[in-house]
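A short write-up of the structure that comes next.
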Amino acid sequence: MSRWLSMLSLALLLPLIVWSKANDSKDHEREGRRSCIDYKILNIGAIIDFHSLIGMEQKIAMEVAIKDVNSILSCSKLVLNFNDSHRNPSSMVAADLANSKKVQAIIGTKLDGATLVNEILQSSKEIPIISLTSSSEIRQIPLPNFIQIGNDITLNLQCIAAIICEFNWRKVTAIYEHDNGFTSYDSDILTKLSYSLSHVNSEIENYVAFPSVDTLLDPKTAIEHELKKLKNKSYNRVFLILQSSLEFATILFEKANQMGLMEKGSVWIITDDIASHLDSLDYSSVTFNMQGVIGCKTSFVELSQTFKRFKFAFRREFGLEYPEEEIENPHPSLSALRAYDAIWIIAHALRKSQSQGNFSMEELSKNVVATNHEGLSGKIIFKDGKLLEPATFKIVNVIGRSYNELAYWSPESGFSENLVNQISPSSASASTSGRVLLSNANWPGGSKSVPKGWVYNNEGRRSVKIGVPAGDPCPQFVNVSYDQRLNQTHITGFSIHVFEAVVKHLPYQLPYDLVPFYGSYDDIVVQVNNKVFDAAVGDIQVIDQRYAYAEFSNPYIPSGIAMVSKVKPDRSKETWMFMEAFTKDMWLLMAAMHMFISFVIWLIEREHNSELKGFGTMLWFSVTTLFFVHREPVKSNLARAVLAPWLFAILIVTTCFTASLSSMMTVSQLEPSVPDIQTLLRTNAIVGCNKNTFLVHYLVNELKFKPENVKGFESISDFPRAFEKKEIVAAFTIAPHAEVFLATHCKGYIKAGPTLKLGGLGFAFPKGSALSIDISRATLKAIESGEVQKLEEEMLSKTTCGSPNSNIIQNVELGPQPFFGLFGICGGIAVFGFLVSMAPLIGKKGKGFINYLEGTSSLLQRGLGIIKSCVSKNLSKYIASAPIQDENKNLEDVSNKMEQNVVNIELPITTHHHL
């Protein structure tokens, strides 16, 4: 009972205490006025939008600031005069307040400097005007007392450009809401964005300007209509919201989410306009539709006692004044902090003016511009009407009910992991890559991988329908299987893995569905032409006749037509195989050299060596020399000089012969049973091929095989059985399939003849398909990066042999070329020995040889006399039968000719005679 009485008495006394405090405050104020020589009441015109959340926050922040300021001012008081800018341009309202002289300072949002210059009278331009937002005007505003407490929008755009650079997005789509308060804001901000993007090799591909949400009768319908046009117009999915009210952003993200513009592959980036209000947004209505959005939010210190006191007062006052907003924990945004700091800027300027004892509007404006103090939003120093200190931005990522802080960014330091490294860059041990810091981001659609920022526009369909040949003759390339337990179709294989690797290199996300096709390769290409499939993926051979129906990507692997046959029986069991260790020229040269050197040695030794006199002895000596078992001694030094290098040459040649023959006997010499296609045609042999491919027509029409000699098979795995039953002599398939076949069947088969080159294996697309160009470029990237080669090696490593044995090992027959130097030395020494041994023989037989020549000359002289007599007799008969008128002339001519002939005959005889 006593407890209830005490509580009742406290309840009755509380109003009295409050009333007493209020009276004391009024008495203190009256006493303060009496104690001040010049008590000032400064009227401040505040221009905000009462219908927006930002305006509500700014109003509460300024009211809290007024209470804090007036509680410490002794000789002055600040009074707020609020003006609603909803549907009224803020700049026009500010000009009216300045011209009316009703206020001594103006604080507002979205104040356009150009409008103020034109509308404010010259006599009113001394009034200090503080803009809570920063315009993007490039030119200097000719208002000396106009300052902007908002950060330069250029810094925000540079932060966004840095994010775009880290992820190599080359094109962006800019979205902004028209603001009637700024006359030149739209064009200037696009210019600055384009300039910032150009430094990171990016550009604006599209931009969409929405009317102000306040001017739309049906904002949701209008925004949905514009987004639909944008979706159909462009494949780009990197969206950047440059300028927006919270109301517009709420509707925009709701509609974008409904239209599938916030699925995997999309990127949404917001500027500080929206990012700074993420703390106050309701999860159910706004952040639910913003999952995965990246934003640049101005960083400020939230740990100071001043901020904590302000935050407590702000929450209390906001909840009391706007209970209908139903914000559970209202959090002051950067806009609220700037509004609070703007009041304190005027308060500090007013106190400084009063302390100087010379208060005037000019002095107040001068002190406002010269402000230098630490505010809740950061350091406040102005230069040329703008904040001198550049802002530091948090990179935030909307996830769940709130957001994650990924990194910090500033123009001086770039990306860093924490604020300490931004404040003191020298304390950072090493620079951290922005891509690493941003790697933990959650992207739209719940994706953890970095979006491509580009999608394939498939005429309104959600995914690309891709046909896959189900009856592939080589399952290692395309394998279609059905799991009855899970009721699922599984499509795997080398070609599928290559396509998946290629898609990763596309500049956009490509959703696709693989659909098995049970038909021939030509049929699936026709189905692509008929638009049944958007593409065909598999081991599709690029050939000329198929270009009539479709386009093809760049080949991802070279191809051709290969002939496979059984290996020829082992030649190591052949009778004369040892003869193939040397070529025919080598055998002949070896025999000639050996016989010549043996002859020279016999020629030298036969006069002095009784054991080397007979011709048969010479032959036996030449045979035994080959095996180093000759017993006949060589006595002459000249003969030894000829024999020594030849024995060394025999040693070298014998060693090479042994090595070559050993290699032929031990290493399997794989040779095809059929050497080439001409042999097959000549022998009218039956060949096999894959019946669902182009090979049947190619063998008949191009290679001229008879149709009855071409047998089709479902798969390359059917070839061994056909070979064993001797149904075919050779099998034709594309070269990549032949590699797999030979790697699977390690023994007994080999690739025969040259491979006929074709266009390679690629992917098929309808004529005029834009996807064909993109896939071709992505295919080249996959090839150049080594991914395709790695996949091919992985495929072959899973076969029985691990690698194909298709290379034919030719018999390596040694020719004379490697021994020319050795044989030259031996032959030169032998020739020298031959000449030396022949010199004495020539000297002994010289005289007899000269007598022989003289006898020969006498016989020739006798023969000449006989010829002369015969010629004279014939000449007399010829003259007697000639005409009279030409007798003298003919006689003279004939006589001259005979004399010339006689001279020509006698000349060589005379020469021999004198010799």
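All letters in the sequence shown, in the order written, are residues -22 to -1, 1 to 893 by mature numbering (1 follows the signal peptide of the UniProt record, and there is no 0). Backbone N, C-alpha and C define an ideal beta-carbon position, used for all residues, glycine too.
- When the beta-carbon positions are compared, serine 30 and leucine 224 come within less than 8 angstroms of each other.
- According to the DSSP assignment, leucine 734 belongs to the beta strand (DSSP E) that extends over 727 to 735.
- Nearest Cα to glutamine 487 within the set Val433, Asp501, Glu770: Val433.
- Between isoleucine 359 and the set Gly23, Gly128, Asn687, Ala709, the nearest pair of CA atoms involves Gly128.
- Going by DSSP, histidine 351 is part of no alpha helix (DSSP H) but of the beta strand (DSSP E) stretching over 350 to 353.
- Note on asparagine 532: 16 or more other CB atoms within 10 angstroms of its CB, so buried under the neighbour-count rule.
- Spatial neighbours of isoleucine 105 in its own chain (CB-CB distance under 6 angstroms, excluding positions within 5 residues in sequence) are listed in chain order as Ala76.
- DSSP places glutamate 155 in the uninterrupted beta strand (DSSP E) bounded by 149 to 155.
- Distances from the CA of leucine 194 to each of Phe393, His156, Ala721, Glu770 were compared; the closest alpha carbon is that of His156.
- The DSSP-derived three-state label of isoleucine 373 is strand.
- Under the three-state reduction of DSSP, threonine 276 is assigned to strand.
- In the DSSP assignment, histidine 468 is bridged to Ser459.
- The alpha carbon of glycine 445 has as its nearest neighbour, out of Val476, Tyr499, Val47, the alpha carbon of Tyr499.
- Alanine 713 and threonine 777 have their C-alpha atoms some 16 angstroms from each other.
- Residue nearest to serine 641 within the set Ile502, Tyr676, Phe560, Ala570 is Phe560 (criterion: CA-CA distance).
- In this structure alanine 617 is buried. Its beta-carbon is surrounded by 16 or more other beta-carbon atoms within 10 angstroms.
- Taking 8 angstroms as the upper bound for CB-CB distance, asparagine 214 and lysine 275 are not in contact here, some 25 angstroms apart.
- Put simply, the region 533 to 547 touches the region 725 to 739. At least three CB pairs are less than 8 angstroms apart.
- The residues Asn687, in chain order, have a CB closer than 7 angstroms to that of asparagine 662 in the same chain once the five nearest residues on each side in sequence are set aside.
- When only Cα atoms are considered, leucine 205 and glutamate 181 end up about 20 angstroms apart.
- Where aspartate 251 is concerned, the enclosing alpha helix (DSSP H) starts and stops at 250 to 253.
- For alanine 291, no pairing in a beta bridge is given by DSSP.
- Between isoleucine 25 and glycine 86 the beta-carbon gap is near 3 angstroms, inside 8 angstroms, which marks them as a contact.
- Straight-line spacing of the CA atoms in serine 190 and isoleucine 535 works out to 55 angstroms.
- Classified as buried, glycine 412 has 16 or more neighbouring CB atoms from the shown chains inside 10 Å of its CB.
- Counted as a single uninterrupted DSSP element, the beta strand (DSSP E) harbouring asparagine 59 occupies residues 54 to 62.
- Collapsing the DSSP output to three states places lysine 357 in a strand.
- Relative to the Cα of phenylalanine 710, the nearest Cα in the group Val515, Thr349, Lys729, Arg699 belongs to Lys729.
- Per DSSP, reduced to three states, the secondary structure at glycine 690 is strand.
- Tyrosine 318 places its beta carbon 8 angstroms or farther from that of valine 57.
- By the Cβ-count criterion, aspartate 522 is exposed, with fewer than 16 other Cβ atoms from all chains shown falling within 10 Å of its own Cβ.
- By the Cβ rule, the region 275 to 286 counts as touching the region 243 to 256, because three or more pairs are nearer than 8 angstroms.
- Closest option to leucine 342, judged by alpha-carbon separation, among Asn123, Asp512, Leu110: Asn123.
- It is roughly 20 angstroms from the alpha-carbon of serine 78 to the alpha-carbon of lysine 88.
- The region 682 to 701 and the region 501 to 521 do not touch, with fewer than three beta-carbon pairs separated by less than 8 angstroms.
- Residue environment analysis places serine 441 among the exposed positions, since fewer than 16 neighbouring C-beta atoms fall within 10 angstroms of its C-beta.
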